[in-house]
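> One structure follows; several queries about it will come next.
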Amino acid sequence: MNDTLAKLYGVVQDRKANPQEGSYTCYLFDKGLDKILKKVGEECAETIIAAKNGVQADTVGEISDLLYHLTVLMVEQNIPLEAVMEELDHRSQKIGNLKQFHQSDHNT
Numbered sequence: 056m057n058d059t060l061a062k063l064y065g066v067v068q069d070r071k072a073n074p075q076e077g078s079y080t081c082y083l084f085d086k087g088l089d090k091i092l093k094k095v096g097e098e099c100a101e102t103i104i105a106a107k108n109g110v111q112a113d114t115v116g117e118i119s120d121l122l123y124h125l126t127v128l129m130v131e132q133n134i135p136l137e138a139v140m141e142e143l144d145h146r147s148q149k150i151g152n153l154k155q156f157h158q159s160d161h162n163t
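If you're matching positions, the sequence shown starts at 56 in our numbering and goes up one per residue.
Here's what the structure looks like:
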């Protein structure tokens, strides 16, 4: 796996620390958490619709948009990328939790 997400995270961090006129990332930070969360929600819905429509290229694009906006949210909330990667790694090591997963899925 390459380090594209880490590079993106670094660029987003830099935009927050060193705002640049005309930058969409800086626009999001300027508008604040409500705008960032709105965009995460929109991109999530668009990802769902693209996947349902079954056009892989559209789904890839929407997932990319969602990951970008989630990265902006992480930087806004001071959540290190490493913390998310560690959590994913921790979860990937669990085995035998299928029953628990299905129970939690039904409760939401």
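Glycine included, each C-beta is placed from N, C-alpha and C at the ideal position.
Looking at C-beta atoms only, is the number of pairs between the stretch 121-130 and the stretch 59-77 that lie closer than 8 Å three or more?
yes
> Residues in its own chain within less than 8 Å of G116 by CB, not counting five upstream and five downstream?
Within the same chain, G116 has close Cβ partners A105.
> Taking the Cβ atom as the reference point for each residue, do L121 and E98 lie within a distance shorter than 8 Å?
Cβ distance < 8 Å, so L121 and E98 count as in contact.
> Is DSSP giving G96 helix, strand or coil here?
helix
> Does the beta-carbon of L143 have 16 or more other beta-carbons within 10 angstroms, so that it is buried, or is it exposed?
exposed
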